[in-house]
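Following the working numbering, the numbering of the sequence shown begins with 1 at its first residue and continues without gaps.
The next block holds one structure in the form of C-alpha cells; read it before the comments.
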Amino acid sequence: MNLSVIFHGDWEVYAHRDPVSGKRELLQEHIARCEKYRIRISQERKLLKIEENFLTKLGLDKDDFAGKLVKEMIDAVILFHDLGKGTPAFQKNKMGNPNTIPTKYWGDDSSHSFLSAFLYLDFYLYEIKNGFNKVEKEQKKALIALAWELSYVIAKHHSNFESMEAYLKNFQLKAEELLRKWKEEPVPGFSQLRFFYEIPIAKSINQYFMCRKAFGRTENDIVHYFFIRLEYSILVACDYYATTEFNSGFEMDCFGKADASKFREIYERSPLMESIRKYGKESYPRKKWDGKEKINILRNELFLEAEENLKAAEEDSIYFVEAPTGSGKSNLALNLSLKFLEHADKVFEIYPFNTLAEQNRHTLETIFGKTEAINDIAVVNSLTPIRGRGNVEENPEKYYKEALLDRQFLNYPFILSSHVTFFRTLFGTGKEDIMSFFQLLNSVVVLDEIQSYRNAIWTEIMIFLNSCAGLMNMKIIIMSATLPDLSQLVDGKCNVVKLIRNPEKYTLHPTFANRVICNYELLQEEITLDRLRRHVLENMQLREKSGAKILITFIKKQTAYDFFHRMKEALGEQSEWQLKLLTGDDSIYERESILKPIRENVWKKVILISTQIVEAGVDIDMDIGYKDISKLDSEEQFLGRIARSGIKNGIPGIVYFFNFDQAEKIYRDDYRMEKSLTLGNEEMRTVLKEKRFQTYYEQVMHYLKEMKNRKTSEEGLEYFFSESLKKLDFLKIQKRMELIEEDCWHVDIILCRKLVMEDGTEKDGRKIWEHYKELLSDYQMDYSEKKVKLSECQSDLNLFRYQIKRNIQIPYNEMIGELYCVYDGEQYFQDEKIDREKLEGDHMYFIDL
Numbered sequence: 001m002n003l004s005v006i007f008h009g010d011w012e013v014y015a016h017r018d019p020v021s022g023k024r025e026l027l028q029e030h031i032a033r034c035e036k037y038r039i040r041i042s043q044e045r046k047l048l049k050i051e052e053n054f055l056t057k058l059g060l061d062k063d064d065f066a067g068k069l070v071k072e073m074i075d076a077v078i079l080f081h082d083l084g085k086g087t088p089a090f091q092k093n094k095m096g097n098p099n100t101i102p103t104k105y106w107g108d109d110s111s112h113s114f115l116s117a118f119l120y121l122d123f124y125l126y127e128i129k130n131g132f133n134k135v136e137k138e139q140k141k142a143l144i145a146l147a148w149e150l151s152y153v154i155a156k157h158h159s160n161f162e163s164m165e166a167y168l169k170n171f172q173l174k175a176e177e178l179l180r181k182w183k184e185e186p187v188p189g190f191s192q193l194r195f196f197y198e199i200p201i202a203k204s205i206n207q208y209f210m211c212r213k214a215f216g217r218t219e220n221d222i223v224h225y226f227f228i229r230l231e232y233s234i235l236v237a238c239d240y241y242a243t244t245e246f247n248s249g250f251e252m253d254c255f256g257k258a259d260a261s262k263f264r265e266i267y268e269r270s271p272l273m274e275s276i277r278k279y280g281k282e283s284y285p286r287k288k289w290d291g292k293e294k295i296n297i298l299r300n301e302l303f304l305e306a307e308e309n310l311k312a313a314e315e316d317s318i319y320f321v322e323a324p325t326g327s328g329k330s331n332l333a334l335n336l337s338l339k340f341l342e343h344a345d346k347v348f349e350i351y352p353f354n355t356l357a358e359q360n361r362h363t364l365e366t367i368f369g370k371t372e373a374i375n376d377i378a379v380v381n382s383l384t385p386i387r388g389r390g391n392v393e394e395n396p397e398k399y400y401k402e403a404l405l406d407r408q409f410l411n412y413p414f415i416l417s418s419h420v421t422f423f424r425t426l427f428g429t430g431k432e433d434i435m436s437f438f439q440l441l442n443s444v445v446v447l448d449e450i451q452s453y454r455n456a457i458w459t460e461i462m463i464f465l466n467s468c469a470g471l472m473n474m475k476i477i478i479m480s481a482t483l484p485d486l487s488q489l490v491d492g493k494c495n496v497v498k499l500i501r502n503p504e505k506y507t508l509h510p511t512f513a514n515r516v517i518c519n520y521e522l523l524q525e526e527i528t529l530d531r532l533r534r535h536v537l538e539n540m541q542l543r544e545k546s547g548a549k550i551l552i553t554f555i556k557k558q559t560a561y562d563f564f565h566r567m568k569e570a571l572g573e574q575s576e577w578q579l580k581l582l583t584g585d586d587s588i589y590e591r592e593s594i595l596k597p598i599r600e601n602v603w604k605k606v607i608l609i610s611t612q613i614v615e616a617g618v619d620i621d622m623d624i625g626y627k628d629i630s631k632l633d634s635e636e637q638f639l640g641r642i643a644r645s646g647i648k649n650g651i652p653g654i655v656y657f658f659n660f661d662q663a664e665k666i667y668r669d670d671y672r673m674e675k676s677l678t679l680g681n682e683e684m685r686t687v688l689k690e691k692r693f694q695t696y697y698e699q700v701m702h703y704l705k706e707m708k709n710r711k712t713s714e715e716g717l718e719y720f721f722s723e724s725l726k727k728l729d730f731l732k733i734q735k736r737m738e739l740i741e742e743d744c745w746h747v748d749i750i751l752c753r754k755l756v757m758e759d760g761t762e763k764d765g766r767k768i769w770e771h772y773k774e775l776l777s778d779y780q781m782d783y784s785e786k787k788v789k790l791s792e793c794q795s796d797l798n799l800f801r802y803q804i805k806r807n808i809q810i811p812y813n814e815m816i817g818e819l820y821c822v823y824d825g826e827q828y829f830q831d832e833k834i835d836r837e838k839l840e841g842d843h844m845y846f847i848d849l
C-alpha cells in the first residue's frame, strides 16, 4: 500500500523542516526513508521471523488472510505514523508551508500523532470488518486487538507509555470531537472516513475490551505486551534514523550485529583458552577424583562440562549455571555467549551493579584489548560516557550523531550493563527505556547474580523472561553461586536447562568447600562493638608478623562508621595496619582508591570496614572476614571475598559471623529474612557449609507461594496478571517489576574538590561543574553533540557526586534541577575520607543503608 490510497491531495505535504536552513522534507520522502530502515533492520535482525513467532502465539497463520492482513497492518504503521502532519494546521504552523488550504476547523490544532492513530484505526477496522467472512471468529478478535494496539504505537511514538485504558478513554474524547469536525468539514486531501462513520467510537472501544478479555490466558497477554514494545521500538528507531538522515545526510547502516568469528578467533588464541583446550584434549573428563585436585583443574572441568551440555540443548531458551565462587564463571559465561553468537546477533552481559560491569570490561580488555574487537564492547549505564566511533576530528557532526544514536538504540555488538538498565528495557514506560527493545532480537543475555533481585517478584521475572526469550529468539544464561531454581515457582511452565548436572561435585570439593572456615562463636553471645573490636585486635596480633587482609561488613552505614572510629582509636597513629572504610557514601573515586591497592596486594596489613556493597562480585581476596548476618545467599557471597584464590600456604580463610543490627527490620519484604532461614538456625549453618542451597531455596519457594503467590489482593500473582497485565497497564507493570523501589527522599550533591587521578592528571570539581553549566545553557550546539558532551561531563561529575537525604537546609552554592553543588567540598573531608559528622552538622544526612 502507498500514500496515495489514503492521501490524494495534489499539493506538497512536508514531514520535517530544518530549523537552520529551512530545508523541508516531503512526507513521502520521510515515509520512504523510514521504510528503508525497517527493511534494513528486518534483514539484519530477522525481524519477519520474529513477527511470525508473535502471530503463531496469537493463533494466526502468516499464509492465510488474517496473517497477511496483520503483516500489512504492521508494515502500515510506518505509512500512517506521520499522516496527521497532513492537516492545514500542522503544515502552516510547524512546516511554514505556503500551500495550505484554508479551513474552518483544521487551522489550529497542529498535533499529529493522535490523528495518525485515528486514521490508521478507521482504515484497518474497516478492512477487518469487510473481511469478516474470510477469518475465523478467534482470528477476528486477534485482528481487532492488534489494530488498536498498533494505533497505540502510532499515538505514542513521541511520548511515554501509559495504561491502555487511559489511552482509550482519551481516544474516545478526542475521536468524538474529531469525528464531529470531520463530518462538517473533511480534512482536505484525505480519503473519506469509512469505519467510524458507521460504528460508534464507544462501541468500537468496548469491542476491543471484549476481544482482550476473550483471550483469557496470561501467556496470550504477555504476547500482546511484548508485541507493542517491539513494534514501538522499531517505529521509533526508523523514525529517528530517517530524521537524522534528512537533517544531516548521515545514513545509518550498522545496528550493532556482532561478528562472531572476530570474537571467537581472538578468544580461542588467548593463553587461558589454549590451556583449557589442551586440558580438554588430554584429560577431560577426569576419570578419578581424589579430592586433591587444584583449582584450575576444577575450573577446566566445570567449563568443559557446561560447554558439552550446551551442545545437547542448543534449541532451548533459558539456561542455569550454578557454580561456586572463584570457579571461573565469568570466563565460562563468555564462552557460552560466543558459542551462541555463532547463530545470534549480539551479547548482553547484565550485572547487579554498575561497578561490576566496568570491572568485567577490564577483564575483557585483557583478552580483546589490543584488537579491533574491543571497539565492539560497550559499557552502558548512567556512569559511563557515550562512546563514539572513529575520530571526532574527521567529521564531528557524523561522530556525534552516530554516537548518540548508538547509545539511544544500543547499536553495540557486545554490551555490559546493569540489572536496572536491562529491566527498564523490558518494563520501563519512558520513551528512552523502550526505544532499544528491538535490540533484544536474537540476542544472548547473561544475567549474573540473579539472587540479588527482589524475591517478591521472582515468579513474575521467570514468567516474563520465559515468554520474551521464546518470542524474541533469545538465549538467556542465568549465573549464580547460590542459584535458586526459579522454575519451581511457575509449576513446570518454564523449561530451564541446567548446564551443570551435579553442582555439588564442585561446591563440595575440598578445594572450594574447605577454602573458608565458618566460625559461629560470636553468634553465641550478645555482641557489642567493643567486644567485636577486641576479637579483631586479637586476630591482628596473631597475624602481626605475616600480615593479613581483614574484611568486616555491617548492614547499616552508621554501625560501620561507629566501628571504624573505634578501630581508629584503638590502632593509634603509628600502626602499620591500613584502616579503610567503604560504604555507599563513597564516590567512585574513593571506592577505587581503596579497592585497587587491595586487589594489587599493595597493603600486606589492611582492615577494610564496609557495608554489604562488597558482597556480590567485587574482585578482592581477603584472609579473614567478619559479617553481621542477614540473608543466607548474602553470607555465601561474602565468603566469596575470602580466600578467593584458594587456601594460602596451607592456611584456609576464616569468617566470623555475628548478629548486631536486626536485618529482618531492614529487609522487611524479603522472605529470606525469616529467622529459620538465617544463620540463627543451626540447619542453615549446615546448608552453608555443605553448599546445599536447594534445601534453603525449597523453603524460600514455599514461603513465596504461601505468602504471596496465592494472595488474591493486589500483591498476588492472580490479580497482577488478570488486572495489570490483562489491561496492559504499563505503569503498574513497571512499578511491579522495579528491582529497586524508587526512593523519593534523597537528592544528589556535588562536593567540589581537586582529585589526582591514577595517571597523574588532576580533576577539578569546580571547573567540571562550570563546564556542565555551560553545556546546559548552550542552545546553539547541535543536540547530538550536546548529549554526548554532557554524558562525558556527567561521568566526570560522578567523581564528586554523593547522595544525601532531602532537606531544605542544605547549604549549597548552586542548584540545577535537583542537583546541588557545594563549591568548597574539601571542608567535608578529613584524611581523604568524607567527614560524616561535619556534613551532618551542616544538615546534610546520608541515606541510612
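Note that CB positions come from ideal geometry on N, CA and C, so glycine has one too.
Assuming residue i and residue j form a contact by the criterion Cβ under 8 Å, report the distance between their Cβ atoms to the nearest whole angstrom.
i: aspartate 631; j: methionine 567; result: According to the sequence displayed, residue 631 carries lysine and not aspartate. With 8 Å as the limit, lysine 631 and methionine 567 do not qualify as a contact, their Cβ atoms being about 26 Å apart.
i: aspartate 345; j: asparagine 442; result: 4 Å
i: isoleucine 415; j: valine 380; result: 5 Å
i: leucine 310; j: lysine 339; result: 6 Å
i: lysine 605; j: glycine 547; result: 4 Å
i: glutamine 803; j: aspartate 748; result: 6 Å
Taking the Cβ atom as the reference point for each residue, do residue i and residue j lie within a distance shorter than 8 Å?
i: tryptophan 577; j: methionine 622; result: no
i: lysine 475; j: valine 444; result: yes
i: histidine 157; j: leucine 235; result: yes
i: valine 446; j: alanine 323; result: no
i: glutamine 612; j: threonine 553; result: yes
i: proline 352; j: glutamate 219; result: no
i: arginine 753; j: phenylalanine 829; result: yes
i: serine 852; j: threonine 371; result: Residue numbering for the chain in the displayed model covers 1 to 849; residue 852 lies beyond these limits and cannot be assessed.
i: glycine 853; j: arginine 644; result: Residue 853 cannot be examined here, being either before or after the span of the chain that is shown, 1 to 849.
i: glycine 430; j: asparagine 160; result: yes
i: arginine 850; j: alanine 145; result: An answer regarding residue 850 cannot be provided, because it is not within the stretch 1 to 849 covered by the chain.
Starting from the Cα of residue i, find the closest Cα among the options and give me that residue.
i: leucine 404; options: Tyr506, Phe250 and Gly328; result: Phe250
i: glutamate 526; options: Phe658, Lys732, Ile434 and Gln488; result: Phe658
i: leucine 115; options: Tyr779, Tyr37, Asp82 and Ser575; result: Asp82
i: lysine 46; options: Phe638, Met701, Phe512 and Leu471; result: Leu471
i: tyrosine 853; options: Leu168, Met1, Gln172 and Ala242; result: Outside the modelled stretch of the chain, which goes from 1 to 849, sits residue 853, for which no answer is possible.
i: arginine 194; options: Tyr696, His535, Glu785 and Ile128; result: Ile128
i: aspartate 585; options: Ile750, Gln91 and Gly640; result: Ile750
i: histidine 535; options: Tyr719, Leu522 and Leu168; result: Leu522
Helix, strand or coil, according to DSSP, for residue i in the structure here?
i: aspartate 743; result: Low local confidence applies: a pLDDT of 49 at aspartate 743 is under 50, so the model's placement there is unreliable, and no value is given.
i: glutamine 637; result: helix
i: cysteine 238; result: helix
i: histidine 16; result: strand
i: serine 587; result: coil
i: leucine 579; result: strand
i: arginine 801; result: strand
i: lysine 789; result: helix
i: lysine 545; result: coil
i: tyrosine 850; result: Outside the shown range of the chain, which is 1 to 849, sits residue 850, and nothing can be said about it.
i: tyrosine 667; result: coil
i: glutamine 574; result: coil
i: methionine 856; result: Residue 856 cannot be examined here, being either before or after the span of the chain that is shown, 1 to 849.
i: lysine 94; result: coil
i: methionine 73; result: helix
Could you check whether the Cβ of residue i sits closer than 8 Å to any Cβ belonging to chain B?
i: threonine 528; result: Among the protein chains of the structure shown there is no chain B, as only one such chain exists.
> Hey, which unbroken runs of the beta strand (DSSP E) at 3 residues or more fall wholly within the segment 24-65?
Replying inline: 24-26
>> Runs of 3 residues minimum, wholly inside the segment 444-489: which ones carry the beta strand (DSSP E) assignment?
In response: 475-480
> Residue ranges of each alpha helix (DSSP H) run of no fewer than 4 residues wholly in the segment 323-355, ordered along the chain?
Replying inline: 329-341
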